[in-house]
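So the number in our numbering is just where the residue sits in the sequence shown, counting from 1, plus 90. Cβ atoms here follow ideal geometry from the backbone N, Cα and C, with glycine treated the same way. First comes the structure, then the notes that go with it.
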Amino acid sequence: MTAKNWSLRARGLSAQYRLKFPVPVMEDPSLFGKGVLKVKFPRTISPRLVPLVLLTATAAGALGVAQPAVAQVRGGVFGVNMKYIVEQHNRYNTNLEALKAEFKPKSEQLAAERSRIQQALDTLRNGDLDPNSEPFGQQEEKLAREMADWNIRMKTHQRDIQKRNAKLLQSVYTEIKSTVEQYSTRHGIAVVVQFAPPPMSTDLDGRITSNLLIHPVVHVNPQYDITRPILEMLNRGQQPVVPGPNRNADGGVPPRPPRR
Numbered sequence: 091m092t093a094k095n096w097s098l099r100a101r102g103l104s105a106q107y108r109l110k111f112p113v114p115v116m117e118d119p120s121l122f123g124k125g126v127l128k129v130k131f132p133r134t135i136s137p138r139l140v141p142l143v144l145l146t147a148t149a150a151g152a153l154g155v156a157q158p159a160v161a162q163v164r165g166g167v168f169g170v171n172m173k174y175i176v177e178q179h180n181r182y183n184t185n186l187e188a189l190k191a192e193f194k195p196k197s198e199q200l201a202a203e204r205s206r207i208q209q210a211l212d213t214l215r216n217g218d219l220d221p222n223s224e225p226f227g228q229q230e231e232k233l234a235r236e237m238a239d240w241n242i243r244m245k246t247h248q249r250d251i252q253k254r255n256a257k258l259l260q261s262v263y264t265e266i267k268s269t270v271e272q273y274s275t276r277h278g279i280a281v282v283v284q285f286a287p288p289p290m291s292t293d294l295d296g297r298i299t300s301n302l303l304i305h306p307v308v309h310v311n312p313q314y315d316i317t318r319p320i321l322e323m324l325n326r327g328q329q330p331v332v333p334g335p336n337r338n339a340d341g342g343v344p345p346r347p348p349r350r
């Protein structure tokens, strides 16, 4: 290498041959577009740098192809009726029936005790004993203690059922959420909200307002209701507990969303 050539390299390329755009300008912003990556080069690029730019573009395309195939996000807000799905969820209904069968003997025992105490109290009040007498007061106090003990055992029984049912619902909700995420990723859905028709009341005691706050979604276009396909994915391969048509809270069958 001569001293002249070395001095030119030390000074770097002149402004005429410098690459103004380090990243190639692509006509198609999507690397998956038509299968051909079009690159537009600046007029001032040096011919000796063309292979380098092509290599950079090829590497970018390779990185893009390596990404997992995911449906293009179309946007929009879709709705899913969580209440309807839980009511028609086959495995949840099966587990709920098993839970009822497990607690049924205890429930029947408590109901029988409640009936016995009430019957004894009615007999005492309608009997011949003077309400102001000591025997009447003693029997009434005894029945009152039995009723108080019954109330405690009944509340404990109900709390045990609620805890077990809450675990079932939590498991179902987690499964529904995972299924909705899979369906949304597959079909390019951006946002999914849960909705259920709010029960309306004719009285003005504030229940209408509370129901609207609990169910903020007022309307979902049937074409954006993905309740049915989500339920089909959850119940695939499972037999329903109660045979018959599946209907939503309004009594109708949720329509299928449009094919995209």
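- Inter-residue distance for LEU259 and VAL270 is about 16 Å (C-alpha atoms, whole angstroms).
- DSSP, reduced to helix, strand and coil, places ASN171 within a strand of the structure shown.
- Per DSSP, the beta bridge partners of VAL281 are VAL167.
- Below 8 Å, enough C-beta pairs join the segment 234-243 and the segment 196-206 to call them touching: three or more.
- Using a Cβ distance threshold of 8 Å, TYR314 and PHE193 do not count as a contacting pair.
- DSSP, read as helix, strand or coil, puts ASP218 in coil.
- Note that the C-beta distance between ILE266 and LEU324 is below 8 Å.
- Inclusion of SER274 and VAL283 in the CB contact set at 8 Å is not warranted, their separation being larger than that value.
- When the beta-carbon positions are compared, THR317 and ILE175 come within less than 8 Å of each other.
- Counting only the Cα atoms, ARG243 lies some 20 Å from ALA256.
- Excluding five sequence positions before and after LYS232, none of the CB atoms of its chain fall closer than 8 Å to its own CB.
- The shortest CA-to-CA distance from LEU186 to any of LEU211, ASN171 and VAL262 is the one to VAL262.
- Within the DSSP secondary-structure output, ASP315 pairs in a beta bridge with GLY169.
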